[in-house]
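Protein chains: 2
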Amino acid sequence: MAKFMDVHHGMSGITAEQLKEAHAADLRIEGEEGVSFEHAWADPDSGTVYCLSEAPSKEAVQRVHTRSGHPADEIHPVPLSV
Amino acid sequence: MAKFMDVHHGMSGITAEQLKEAHAADLRIEGEEGVSFEHAWADPDSGTVYCLSEAPSKEAVQRVHTRSGHPADEIHPVPLSV
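Chains A and B, in that order, are what the protein sequence lines are.
With our numbering, the residue at position 64 of the first sequence is 64, and numbering never jumps.
If you want our numbering, it's the 1-based position in the second sequence plus 82.
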């Protein structure tokens, strides 16, 4: 397992409720891919969403997001953290 | 106070020790700007570093990072989080 930060662009105007629903959609199926989404942060003005997860691979993160209807634009492994 | 995610590019090859030192340098002066850096995550391969903070403004976040010698390339307010 490794830690990943993924980034979604083009989510301008996202509301707290929409972020909560998108995150809940990921949580409902993440177990099937061995992924654990920990947090998500959104900037409605620029339309950027960041998600932090623990996952077996970048591809597993993307499979969950794609199945939930919101594929990520970038997925970075973040092996270092403080 | 608001929450911010800032992003640094061009940090390829950053080590755990360098991330820890950079974060410690921010923590030493953050109080002077009313900023509280909570976490930082790094991807040494792509050279990307993400920092999560609580701060009075985007400018305050950048002042701390600039004074510490590592200005951010992007700073996004992230008023929404789950």
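Note that beta-carbon positions come from the ideal geometry of N, C-alpha and C, so glycine has one too.
Requested in this report: Taking K3/A as the reference, give the member of V49/A, E33/A, P56/A with the closest Cα.
Outcome: P56/A
**Report entry** Members of the region 125-157 of chain B near chain A, C-beta cut-off 8 Å
**Finding:** D125, P126, D127, S128, T130, Y132, L134
Report task. Look at the alpha carbon of A98/B and the alpha carbon of A122/B, and state the distance between them as a whole number of angstroms. Result -> 11 Å
Query raised in the report: Touch check for the region 37-52 of chain A and the region 13-29 of chain A: three-plus C-beta pairs under 8 Å?
Result: yes
Requested in this report: Report the rounded CA-to-CA distance for R110/B versus S135/B, giving the unit in angstroms.
Outcome: 14 Å
Query raised in the report: Since M5/A meets chain B, which of its residues come closer than 7 Å, beta carbon to beta carbon?
Result: W123, Y132
Requested in this report: Can you give me the Cβ contacts of E74/A inside the same chain, cut-off strictly under 6 Å, excluding the 5 residues immediately before and after it?
Outcome: V7
Report task. Mind reading off the beta-carbon distance from V117/B to V146/B? Whole number of angstroms is fine, and I expect it under 8 Å. Result -> 5 Å
Query - Cutoff 9 Å: A25/A Cβ touching any chain B Cβ - result: no
Requested in this report: May I ask you to report which of helix, strand or coil DSSP gives T15/A?
Outcome: coil
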